[in-house]
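S.K.:
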Amino acid sequence: DVTYSILIDSFTKNGKLDDARLLLHKMAEEHIRATAYTYNSLISGYCKLGKLDEAESLFDEMTNKGLGPTVITYTTLISGYCRQENLDKAFRLYHEMAETNISPNTHTFTALIGGLCRAKLMDEAVKLFNEMLEQNVIPNEVTYNVLIDGHCRVGNTVKAFELLDEMMEKGFLPDTYTYRPLISGLCLTGRASEAKEFVDDLQRENQNLNEICFTELLHGLCKEGRLRDALSAWKEMAERGLNTDLISYGVLIYGALKQRDMVKLSLLLKEMYKRGFKPDNVIYTSIIDAYCKLGNLEEAFRFWDKMVDDGCIPNVVTYTVLINGLCKAGFVDKAELLCKQMLASKSIPNQVTYGCFLDNLTMEGHMEKALELHKAMLNGFLANTVTYNILIRGFCKLGRTGDASELLIEMIDNGISPD
RNA sequence: GUCAAUUGGAAAUCGAUC
Numbered sequence: 002d003v004t005y006s007i008l009i010d011s012f013t014k015n016g017k018l019d020d021a022r023l024l025l026h027k028m029a030e031e032h033i034r035a036t037a038y039t040y041n042s043l044i045s046g047y048c049k050l051g052k053l054d055e056a057e058s059l060f061d062e063m064t065n066k067g068l069g070p071t072v073i074t075y076t077t078l079i080s081g082y083c084r085q086e087n088l089d090k091a092f093r094l095y096h097e098m099a100e101t102n103i104s105p106n107t108h109t110f111t112a113l114i115g116g117l118c119r120a121k122l123m124d125e126a127v128k129l130f131n132e133m134l135e136q137n138v139i140p141n142e143v144t145y146n147v148l149i150d151g152h153c154r155v156g157n158t159v160k161a162f163e164l165l166d167e168m169m170e171k172g173f174l175p176d177t178y179t180y181r182p183l184i185s186g187l188c189l190t191g192r193a194s195e196a197k198e199f200v201d202d203l204q205r206e207n208q209n210l211n212e213i214c215f216t217e218l219l220h221g222l223c224k225e226g227r228l229r230d231a232l233s234a235w236k237e238m239a240e241r242g243l244n245t246d247l248i249s250y251g252v253l254i255y256g257a258l259k260q261r262d263m264v265k266l267s268l269l270l271k272e273m274y275k276r277g278f279k280p281d282n283v284i285y286t287s288i289i290d291a292y293c294k295l296g297n298l299e300e301a302f303r304f305w306d307k308m309v310d311d312g313c314i315p316n317v318v319t320y321t322v323l324i325n326g327l328c329k330a331g332f333v334d335k336a337e338l339l340c341k342q343m344l345a346s347k348s349i350p351n352q353v354t355y356g357c358f359l360d361n362l363t364m365e366g367h368m369e370k371a372l373e374l375h376k377a378m379l380n381g382f383l384a385n386t387v388t389y390n391i392l393i394r395g396f397c398k399l400g401r402t403g404d405a406s407e408l409l410i411e412m413i414d415n416g417i418s419p420d
C-alpha cells in the first residue's frame with residue numbers, strides 16, 4: 002500500500018487526478034487496503050484544483066471505510082476552502098473537528114489564519130493566533146509569514162515588522178516568504194524607497210533574496226513611475242546571479258508603459274527577443290491596455306493580432322482591457338461584440354468586464370439599463386464594491402441621492418463592504 | 001516509508017488642496 006500511496010501522491014502532485022483515481026480502484030481490485038495517506042493525497046489534489054465537491058466525496062468515502070478523517074484530512078480541506086475564500090465552510094470544518102475530538106495543530110491554525118488574512122480580516126486573524134497560543138499550539142515560521150503577509154496586505158507594515166522581530170526573538174529564521182510581503186507592504190504604502198533600502202540592508206546582511214523578492218521591488222518602483230531606479234535594481238539583480246526572467250521583463254515593460262515611454266518599450270522587447278524570450282499573455286495585455294488608454298485603438302488591435310499570431314491565447318483580462326478601451330472610446334457596440342466573441346471562446350466575463358459596461362451605462366446616464374445589468378450581476382454573484390461604487394456615483398451625479406443611499410443599504414445587506 | 005499550511009507581473013470606480 003505504501004508503493005501505491007507514493008504513486009498516487011506523485012500523480013496528484015502533477016495534476017493527474019484521473020490516473021490517481023484509477024490507481025485507487027486498482028488497489029481495491031488487488032485487495033490492497035487503501036490508507037488515510039492515499040485518501041489525503043487525493044483530497045489534497047482535488048483541493049488544489051478547486052474541486053472541493055470531489056474532495057468532499059472522497060472525504061465521505063474514507064469516513065465510510067473507517068480510514069479517517071485525520072487532522073491532515075481536515076487541514077487539507079480547510080486550506081482548500083480558504084483558498085476559495087469560503088471561510089464559512091472552513092470554520093465549519095474547524096468546529097466539526099472539535100466535535101470529533103480531533104485537535105487542530107499548527108498547520109490547521111496556519112491554514113485558517115491564512116484564510117482570514119487573505120480576506121483581509123486581520124482582527125480575526127490576530128484573534129485566532131491568540132487562541133492558538135492559548136491552546137498551546139506552537140506557531141512556526143510559516144504561521145508568522147502568513148500573519149506578516151496579512152498585515153502587509155492591508156498596509157500595516159508597522160505591525161508586520163513587529164512580528165518580524167517577534168519571530169526572530171523566538172529563533173525562527175525569516176526567509177523569502179517573510180521578506181517578500183514586507184517589500185510588498187512598503188511598496189503598497191507608497192514607500193518604494195524604503196523597500197529599496199530594506200532590500201539593500203538585507204543584501205548587506207547577505208540574506209538570500211530570490212527573483213520573487215526583487216521582482217516585487219521592481220514592481221513597486223515601476224508603479225511609482227521610477228523606471229530608472231527599477232532598471233538599476235534589475236541590473237543589480239543580474240549581478241547578484243539571479244535570473245532576470247520573463248516576469249521581470251514584464252514588470253519593466255509595465256514601468257515603461259506607465260511612463261508612456263514607447264521607445265523604452267521597443268528596446269525592452271528587442272532585448273527580450275534577443276535573449277530568446279517571447280512576450281506572454283500578461284505582457285501583451287499590458288501593452289494593449291496602454292495603447293487603449295492613450296486612445297490609440299489601432300495600435301492596441303495591432304498588438305492583439307500579433308499576440309494571436311504568436312500563439313498566445315487571450316484571456317479574460319485581455320478581453321476586458323479591450324472592452325474597456327472600446328467602451329471608453331464610445332464604441333459600446335463593438336465592445337458587446339467582443340464580449341460575445343469572448344463567450345464563444347472559453348473566457349467568461351467577470352466582475353471587471355461587466356464593471357466596464359456598467360461604468361459606460363452610468364456615464365451615459367442610462368441608469369435603468371445599468372440597474373438591469375446590476376441585477377443580472379447580483380444573480381451571478383458578480384457584484385462587488387467597485388460595481389456598487391460605479392452605480393452610486395452615477396446616481397449621485399444625477400442628483401438621485403435617494404437611489405444612491407438605497408444602493409448603499411443594499412450593498413451592506415449583501416455583505417459587500419463600502420470603501 | 002509516502003499525505004496537509006505562506007511568495008512575484010496585466011484590467012473596471014474613486015484618489016481631495018492645482
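In the working numbering, the protein residues as written are 2 to 420.
For glycine and all other residues, C-beta sits at the position ideal for the given N, C-alpha and C.
List in chain order: all unbroken alpha helix (DSSP H) runs of 4+ residues lying wholly within the segment 170-250.
M.R.: Listed in chain order, the complete alpha helix (DSSP H) runs (minimum 4 residues) inside the segment 170-250 are 177-189, 193-205, 212-224 and 228-240.
S.K.: Where does the unbroken alpha helix (DSSP H) through residue 144 begin, and where does it stop?
M.R.: In the first sequence, residue 144 corresponds to position 143, counting from 1. Counting along the chain, the alpha helix (DSSP H) containing residue 144 begins and ends at 142-154.
S.K.: Go ahead and pull the three-state DSSP assignment for residue 352.
M.R.: By one-based count along the first sequence, residue 352 stands at place 351. It is helical.
S.K.: Can you check whether the CB of residue 4 is closer than 8 angstroms to the CB of residue 40?
M.R.: The residue given as residue 40 occupies position 39 in the first sequence. The residue given as residue 4 occupies position 3 in the first sequence. No.
S.K.: Give the secondary structure of residue 138 by DSSP, where H, G and I count as helix, E and B as strand, and everything else as coil.
M.R.: The residue you call residue 138 lines up with position 137 of the first sequence. Correct three-state label for residue 138: coil.
S.K.: Quick one: give me the first and last residue of the alpha helix (DSSP H) that residue 9 is part of.
M.R.: Residue mapping note: residue 9 aligns to position 8 of the first sequence, counting from 1. Residues 3-14.
S.K.: Skipping 5 residues on each side, what residues in its chain have a beta carbon closer than 7 angstroms to that of residue 420?
M.R.: Here residue 420 refers to the residue found at position 419 when the first sequence is read from its first residue. The answer, listed in chain order, is 386.
S.K.: Quick one: what does DSSP say residue 384 is sitting in, helix, strand or coil?
M.R.: One-based indexing of the first sequence puts residue 384 at position 383. Residue state, collapsed to three classes: coil.
S.K.: State yes or no: is the C-beta of residue 120 within less than 8 angstroms of the C-beta of residue 78?
M.R.: In the first sequence, the residue the question calls residue 120 occupies position 119. In the first sequence, the residue the question calls residue 78 occupies position 77. For residue 120 and residue 78, no; Cβs fall outside 8 angstroms.
S.K.: Quick check: what's the CA-CA separation for residue 56 versus residue 42?
M.R.: Start at 1 with the first residue of the first sequence, and residue 56 comes out as number 55. Start at 1 with the first residue of the first sequence, and residue 42 comes out as number 41. Each residue's Cα considered, the two are about 10 angstroms apart.
S.K.: Please determine if the segment 58-69 and the segment 89-102 are in contact, where contact requires at least 3 C-beta pairs separated by less than 8 angstroms.
M.R.: No: the two stretches stay apart, fewer than three of their Cβ pairs being nearer than 8 angstroms.
S.K.: Return the chain-ordered list of same chain residues with a C-beta closer than 8 angstroms to the C-beta of residue 344, the five sequence neighbours on each side being excluded.
M.R.: One-based indexing of the first sequence puts residue 344 at position 343. These residues qualify, in order along the chain: 350.
S.K.: Could you check whether residue 118 and residue 177 sit closer than 8 angstroms to each other, using their CB atoms as the reference points?
M.R.: The residue you call residue 177 lines up with position 176 of the first sequence. The residue you call residue 118 lines up with position 117 of the first sequence. Cβ atoms of residue 177 and residue 118: not closer than 8 angstroms.
S.K.: Just to confirm my understanding: we take residue 336, look at its own chain, exclude 5 residues before and 5 after, and list those with CB closer than 6 angstroms. What are they?
M.R.: Residue mapping note: residue 336 aligns to position 335 of the first sequence, counting from 1. Excluding residues within five positions, the ones whose Cβ falls inside 6 angstroms are 324, 327 and 328.
S.K.: Taking the alpha-carbon positions, what's the residue 175 to residue 166 distance?
M.R.: In the first sequence, counting from the first residue as 1, residue 175 sits at position 174. In the first sequence, counting from the first residue as 1, residue 166 sits at position 165. Going by the C-alpha atoms only, they are around 10 angstroms apart.
S.K.: Identify, in the order they occur along the chain, each residue of the same chain with its Cβ nearer than 8 angstroms to the Cβ of residue 164, setting aside the five sequence neighbours on each side.
M.R.: On the first sequence, residue 164 is found 163 positions in, with the first residue counted as 1. Result list for residue 164: 145, 148, 149 and 152, in chain order.
S.K.: Could you spell out the range, first to last residue, of the alpha helix (DSSP H) harbouring residue 66?
M.R.: Residue numbering aside, residue 66 sits at position 65 when the first sequence is read from its first letter. Careful: residue 66 lies outside any alpha helix (DSSP H) and carries neither H nor E.
S.K.: Ignore the nearest five residues each way along the sequence and tell me which others in residue 405's own chain have a CB closer than 6 angstroms to its CB.
M.R.: What you label residue 405 is simply residue 404 of the first sequence in a count that begins at 1. So the list reads 393, 396 and 397, once near-sequence residues are dropped.
S.K.: Among the candidates 170, 346 and 382, whose CA atom is the shortest distance from the CA of residue 353?
M.R.: As a position in the first sequence, residue 353 is number 352, starting the count at 1. Checked all of 170, 346 and 382; the closest Cα to residue 353 is 382.
S.K.: According to DSSP, is residue 130 part of a helix, a strand, or is it coil?
M.R.: Taking the first residue of the first sequence as 1, we reach residue 130 at position 129. Of the three classes helix, strand and coil, the one that applies to residue 130 here is helix, per DSSP.
S.K.: Give me the residue from 110, 285 and 418 with the minimum Cα distance to residue 129.
M.R.: Counting from 1 along the first sequence, the entry for residue 129 is found at position 128. Answer by Cα proximity: 110.
S.K.: My output table needs one value for residue 262: the three-state DSSP class, helix, strand or coil.
M.R.: As a working mapping, residue 262 is identified with position 261 in the first sequence. It is coil, neither helix nor strand.
S.K.: Quick test of the definition: if touching needs 3 or more C-beta pairs under 8 angstroms, does the segment 219-232 touch the segment 201-211?
M.R.: No: the two stretches stay apart, fewer than three of their Cβ pairs being nearer than 8 angstroms.
S.K.: Are the beta-carbon atoms belonging to residue 421 and residue 7 less than 8 angstroms from one another?
M.R.: The shown model of the chain, from 2 to 420, leaves out residue 421, and the question about it has no answer.
S.K.: Which same chain residues, not among the five before or five after residue 363, have their C-beta less than 6 angstroms away from its C-beta?
M.R.: Position 362 of the first sequence, counting from 1, holds the residue named residue 363. The answer, listed in chain order, is 371, 391 and 395.
S.K.: Can you look up residue 160 in the DSSP assignment and give me helix, strand or coil?
M.R.: In the first sequence, residue 160 corresponds to position 159, counting from 1. Helix.
S.K.: Taking residue 110 as part of the alpha helix (DSSP H), name the residues at either end of that continuous run.
M.R.: Residue mapping note: residue 110 aligns to position 109 of the first sequence, counting from 1. From DSSP, the alpha helix (DSSP H) with residue 110 extends over 107-119.
S.K.: Spatial neighbours of residue 365 within its chain, please: C-beta separation below 6 angstroms, excluding the five flanking residues on both sides.
M.R.: Here residue 365 is taken as the residue at index 364 of the first sequence, counted from 1. Excluding positions up to five away in sequence, the list is empty.
S.K.: By Cβ distance, which residues of its chain are closer than 8 angstroms to residue 127, with the 5 residues on each side in sequence left out?
M.R.: Taking the first residue of the first sequence as 1, we reach residue 127 at position 126. Closer than 8 angstroms at the Cβ level, and outside the excluded window around residue 127, lie 148.
S.K.: Which residues in the same chain have their Cβ closer than 6 angstroms to the Cβ of residue 186, if we skip the five residues on either side of it in sequence?
M.R.: Numbered from its first residue, the first sequence carries residue 186 at position 185. So the qualifying residues of the chain are 153, 158 and 161.
S.K.: Alpha carbons only, please: which of 367, 378 and 389 is nearest the one belonging to residue 399?
M.R.: Here residue 399 refers to the residue found at position 398 when the first sequence is read from its first residue. Selected option, being the one with the closest Cα: 367.
S.K.: How would you label residue 361, buried or exposed, when you count the other beta carbons within 10 angstroms and need 16 or more for buried?
M.R.: Start at 1 with the first residue of the first sequence, and residue 361 comes out as number 360. Label assigned to residue 361: buried.
S.K.: Within 10 Å of its beta-carbon, does residue 284 have 16 or more other beta-carbons around it, so buried, or fewer, so exposed?
M.R.: Position 283 of the first sequence, counted from the start, is the residue given in the question as residue 284. Looking at its Cβ environment, which holds 16 or more other Cβ atoms inside 10 Å, residue 284 is buried.
S.K.: Closest to residue 310 by CA distance: which of 95, 261 and 281 is it?
M.R.: Translated into positions along the first sequence, residue 310 becomes position 309. Residue 310 has its Cα closest to that of 281, out of 95, 261 and 281.
S.K.: Just checking my contact of residue 358 with residue 374 at CB under 8 angstroms: how many whole Å lie between their CB atoms?
M.R.: In the first sequence, the residue the question calls residue 358 occupies position 357. In the first sequence, the residue the question calls residue 374 occupies position 373. Right, the Cβ-Cβ distance comes to about 6 angstroms (below 8 angstroms), so this counts as a contact.
S.K.: Just to confirm, is the Cβ distance from residue 156 to residue 134 under 8 angstroms?
M.R.: Here residue 156 is taken as the residue at index 155 of the first sequence, counted from 1. Here residue 134 is taken as the residue at index 133 of the first sequence, counted from 1. Cβ atoms of residue 156 and residue 134: not closer than 8 angstroms.
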